[in-house]
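Trainee: The opening position of the sequence shown corresponds to residue 20 in the numbering used here, with each subsequent residue numbered one higher.
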Amino acid sequence: MNGEKLFGAPQRNASGNSDHEGLKLVLHRYIIDAIEESGKNLLEGSRQLLAQFVTDKVAEYIARLHLAISRYEMERLAEEIVDELTGFGPLEVLLRDPAVTEILVNGPHRVFIEREGVLHLSDLRFIDAHHVERVMQRILAPLGRRLDESSPMVDARMPDGSRVNAIIPPIALDGPCLSIRKFRKDMLKSSDLMAMQTIDQAIFEFLQNAVGKRCNILISGGTGTGKTTLLNILSQLINPHERLVTIEDVAELQLGHPHVVRLETRPPNAEGHGEVKASDLIRNALRMRPDRIILGEIRGVEVLDVLTAMNTGHDGSMSTVHANNAQDALLRLETLVGLTGRAIAERTLRQMICAALDVVIQLTRMPDGRRCVSEVVEVVGVREDVYVTNTLFRLDRRGG
Numbered sequence: 020m021n022g023e024k025l026f027g028a029p030q031r032n033a034s035g036n037s038d039h040e041g042l043k044l045v046l047h048r049y050i051i052d053a054i055e056e057s058g059k060n061l062l063e064g065s066r067q068l069l070a071q072f073v074t075d076k077v078a079e080y081i082a083r084l085h086l087a088i089s090r091y092e093m094e095r096l097a098e099e100i101v102d103e104l105t106g107f108g109p110l111e112v113l114l115r116d117p118a119v120t121e122i123l124v125n126g127p128h129r130v131f132i133e134r135e136g137v138l139h140l141s142d143l144r145f146i147d148a149h150h151v152e153r154v155m156q157r158i159l160a161p162l163g164r165r166l167d168e169s170s171p172m173v174d175a176r177m178p179d180g181s182r183v184n185a186i187i188p189p190i191a192l193d194g195p196c197l198s199i200r201k202f203r204k205d206m207l208k209s210s211d212l213m214a215m216q217t218i219d220q221a222i223f224e225f226l227q228n229a230v231g232k233r234c235n236i237l238i239s240g241g242t243g244t245g246k247t248t249l250l251n252i253l254s255q256l257i258n259p260h261e262r263l264v265t266i267e268d269v270a271e272l273q274l275g276h277p278h279v280v281r282l283e284t285r286p287p288n289a290e291g292h293g294e295v296k297a298s299d300l301i302r303n304a305l306r307m308r309p310d311r312i313i314l315g316e317i318r319g320v321e322v323l324d325v326l327t328a329m330n331t332g333h334d335g336s337m338s339t340v341h342a343n344n345a346q347d348a349l350l351r352l353e354t355l356v357g358l359t360g361r362a363i364a365e366r367t368l369r370q371m372i373c374a375a376l377d378v379v380i381q382l383t384r385m386p387d388g389r390r391c392v393s394e395v396v397e398v399v400g401v402r403e404d405v406y407v408t409n410t411l412f413r414l415d416r417r418g419g
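#1: With distance defined between alpha-carbon atoms, name the residue in Asp38, Leu86, His85, Leu96 nearest to Ile50.
#2: Less than 8 Å between the beta carbons of Val124 and Val101, yes or no?
#3: DSSP state of Ile257, grouped into three classes?
#4: Considering only their Cβ atoms, is the gap separating Val322 from Leu352 smaller than 8 Å?
#5: Does the distance from the C-beta atom of Glu394 to that of Val378 stay below 8 Å?
#6: Compare the C-alpha of Arg390 against each of Ala364, Lys246, Arg361 and name the closest.
#7: Quick one: what's Glu271 bridged to in DSSP?
#8: Between the C-alpha atoms of Arg285 and Met177, what's the straight-line distance to the nearest angstrom?
#9: Could you say which of Arg308, Gly315, Gln67 lies nearest to Glu283 if we only look at CA atoms?
#10: Unbroken alpha helix (DSSP H) runs of length 4 or more, entirely within the region 160-229: which are they?
#11: Count Cβ pairs between the region 259-269 and the region 362-370 that sit closer than 8 Å; are there 3 or more?
#12: Let me check one thing: in DSSP terms, what residues is Ile312 bridge-paired to?
#13: Just curious, the beta strand (DSSP E) that Ile132 is in, first and last residue?
#14: Thr410 to Thr217, Cα distance in whole Å?
#15: With a threshold of 8 Å between beta-carbons, can Val392 be considered close to chain C, or not?
#16: Taking contact to mean 3 or more Cβ pairs, one atom from each stretch, closer than 8 Å, check whether the region 139-155 and the region 208-225 are in contact.
#17: Report the partner residues of Met337 according to the DSSP bridge assignment.
#18: CA-CA distance, Leu84 and Leu166?
#19: For the alpha helix (DSSP H) holding Asn125, just list the boundary residues, first then last.
#20: Report buried or exposed for Asp8, applying the criterion of at least 16 other Cβ atoms within 10 angstroms of its Cβ.
#21: Given Phe131, which residues of its chain have a CB within under 6 Å of its CB, disregarding the five upstream and five downstream residues?
#22: With a cut-off of 8 Å on the beta carbons, I'd call Ser338 and Val320 a contact; round off their distance for me.
#23: Reducing DSSP to helix, strand and coil, say where Ser57 ends up.
#24: Output the boundary residues of the beta strand (DSSP E) element that contains Asn409.
#25: Just the Cα atoms here: how many angstroms apart are Ile301 and Thr331?
#26: For Met206 and Leu44, what's the separation of their Cα atoms in angstroms?
#27: Just mark Met307 as buried or exposed, buried being the case when its beta carbon has 16 or more other beta carbons within 10 Å.
#28: Please determine whether the Cβ atom of Gly319 lies at a distance below 7 Å from any heavy atom of the ligand PLP.
#29: Any idea if Ile88 is buried or exposed, counting beta-carbon neighbours within 10 angstroms, 16 or more meaning buried?
#30: Assuming the contact rule is C-beta atoms closer than 8 Å, Gln381 and Ala328 should be a hit. Round their C-beta distance to whole Å, please.
#31: Does the Cβ of Ile187 have 16 or more other Cβ atoms within 10 Å, making it buried, or fewer, making it exposed?
Now the structure itself:
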């Protein structure tokens, strides 16, 4: 390679050190050209051979331009470039960081991360929109999922259990977007929730008693309020001799229970065939002699199936729903029943919901990012076509 293909030296900052991201971008293009000129199929070969090639080219480039770069910085640049060529690009470091719980990519230049419940704009960047889409395809290819103009949205589970959602133009107007909710390898315990001030001892003891007495429990809250986390912890309180069947769209629960059957829905294939819905799995679960059914989330027509299961001898079942408060959670179930197209009188439907549920737990995300139980409500019944509930706990927001 001649000097004309070095793309020029990157700009230096006030301290005299080369800008890391700018230098990496230049090196990335330089190395791609070098790979093409070498005639070697390095991207399809071993990572070790590619890493050695990249390391040599990084050193060659820096020596030619007489850049003041430490050996540590050179090694870091080489490693990041190899990651971008073979792995998940800028996401590699985030996926390895146990403190990062969520990764949100809004186009190539805005990567947000969640640490300790708080979102931050990171300094990580993709080269361009095509770079984001290449990384998306690398994530989805081993999962057998398709992402293109005919199928521009994908929701899937990565091999480590992390949940990934990808969406591309023309649906995503400002460029490809990627959301990854990382799978926790260490299961949170009740003591962790109390340490994080999500729940206090008295409320937890009440819920522990409710689980032991086989109450049907609905956990309500907005996105990212910790519904699945609380569902997981409450499920760990179930007697180990009971048989559980879990049903999820994307498996996230880690029950650590000795007798669990885990079921996961399946979307249709490219031809529109092969779909397995939550309602199908609930009906099948009823034939599997479950003591309790745990549904990851009620979000559609499966609502009637889960209410029926709770009303027909499967006490102690649990699920979650998206709603802003406990009363709204009950109304949300009504709305979802309406989506089934079944004509059920309002009074009859409300009696059915009240017969199915014993306790509603509301989770809220506070302004400081902390997640907490904001309300615990006992579902008593229906009087004059109105839900009768007993509020057992309500968070005093004035006291934080």
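Think of the CB as a built atom: it goes at the ideal place given N, C-alpha and C, for glycine as much as any other residue.
Mentor: The answer reads as follows:
#1: Against the sequence shown, residue 50 aligns to sequence position 31. Of the candidates Asp38, Leu86, His85, Leu96, the residue whose Cα lies closest to the Cα of Ile50 is Leu96.
#2: Numbered from 1 along the sequence shown, position 105 holds the residue referred to as residue 124. Numbered from 1 along the sequence shown, position 82 holds the residue referred to as residue 101. Taking 8 Å as the Cβ cut-off, Val124 and Val101 do not qualify as a contacting pair.
#3: Here residue 257 refers to the residue found at position 238 of the sequence shown. Looking at Ile257 - three-state DSSP - the assignment turns out to be coil, as it is neither helix nor strand.
#4: Taking the first residue of the sequence shown as position 1, residue 352 is located at position 333. Taking the first residue of the sequence shown as position 1, residue 322 is located at position 303. It is a contact, given that the beta carbons lie within the stated cut-off.
#5: By 1-based counting over the sequence shown, the position of residue 394 is 375. By 1-based counting over the sequence shown, the position of residue 378 is 359. No, the pair does not count as a contact, with Cβ atoms beyond the cut-off.
#6: One-based indexing of the sequence shown puts residue 390 at position 371. Ranking the options by Cα distance to Arg390, first place goes to Lys246.
#7: Counted from its first residue, the sequence shown places residue 271 at position 252. Answer is none; Glu271 lacks a bridge partner.
#8: Residue 285 sits at position 266 when you count from the first residue of the sequence shown. Residue 177 sits at position 158 when you count from the first residue of the sequence shown. The straight-line gap from Cα to Cα measures roughly 14 Å.
#9: As a working mapping, residue 283 is identified with position 264 in the sequence shown. Per the C-alpha coordinates, the member of Arg308, Gly315, Gln67 positioned closest to Glu283 is Gly315.
#10: 209-214
#11: no
#12: For the purposes of this step, residue 312 is identified with residue 293 of the sequence shown, where counting begins at 1. Note: Ile312 sits in a beta bridge opposite Val264.
#13: In the sequence shown, counting from the first residue as 1, residue 132 sits at position 113. It spans 130-134 - the beta strand (DSSP E) in which Ile132 sits, taken as one unbroken run.
#14: Start at 1 with the first residue of the sequence shown, and residue 410 comes out as number 391. Start at 1 with the first residue of the sequence shown, and residue 217 comes out as number 198. Roughly 18 Å between the two C-alpha positions.
#15: Of the chains in the structure shown, none is chain C; there is only one protein chain.
#16: no
#17: Here residue 337 refers to the residue found at position 318 when the sequence shown is read from its first residue. BP columns for Met337 point to Ile236, Ile313.
#18: Reading the sequence shown from its first residue, position 65 is the one you call residue 84. Reading the sequence shown from its first residue, position 147 is the one you call residue 166. As the crow flies, the alpha-carbon of Leu84 is around 41 Å from that of Leu166.
#19: Position 106 of the sequence shown, counted from the first residue, corresponds to residue 125. Taken as a continuous stretch (DSSP letters only), Asn125 belongs to no alpha helix (DSSP H), being part of the beta strand (DSSP E) at 119-125.
#20: The structure shown does not extend to residue 8, since the chain spans only 20 to 419, so no value can be given for it.
#21: For this step, residue 131 is matched to residue 112 along the sequence shown. If we look at Phe131 and ignore the five residues flanking it on each side, its Cβ neighbours are Leu123, Leu138, Leu140.
#22: Start at 1 with the first residue of the sequence shown, and residue 338 comes out as number 319. Start at 1 with the first residue of the sequence shown, and residue 320 comes out as number 301. By a beta-carbon distance limit of 8 Å, Ser338 does not contact Val320. Their separation comes to about 14 Å.
#23: Your numbering for residue 57 matches position 38 in the sequence shown. DSSP places Ser57 in helix when its eight states are reduced to three.
#24: Here residue 409 refers to the residue found at position 390 of the sequence shown. 405-413 is the extent of the beta strand (DSSP E) around Asn409.
#25: For the purposes of this step, residue 301 is identified with residue 282 of the sequence shown, where counting begins at 1. For the purposes of this step, residue 331 is identified with residue 312 of the sequence shown, where counting begins at 1. Distance between the alpha carbons of Ile301 and Thr331 is about 13 Å.
#26: On the sequence shown, position 187 is the one that residue 206 refers to. On the sequence shown, position 25 is the one that residue 44 refers to. Between Met206 and Leu44, the C-alpha separation is close to 39 Å.
#27: The residue labelled residue 307 in the question sits at position 288 within the sequence shown. Met307 should be labelled exposed.
#28: What this structure holds is no ligand at all, so the ligand PLP is not there to describe.
#29: The residue labelled residue 88 in the question sits at position 69 within the sequence shown. Looking at its Cβ environment, which holds 16 or more other Cβ atoms inside 10 Å, Ile88 is buried.
#30: Reading the sequence shown from its first residue, position 362 is the one you call residue 381. Reading the sequence shown from its first residue, position 309 is the one you call residue 328. Not quite, the Cβ-Cβ distance comes to about 23 Å (not below 8 Å), so this is no contact.
#31: Position 168 of the sequence shown, counted from the first residue, corresponds to residue 187. Counting Cβ neighbours within 10 Å, Ile187 comes out buried, since at least 16 surround it.
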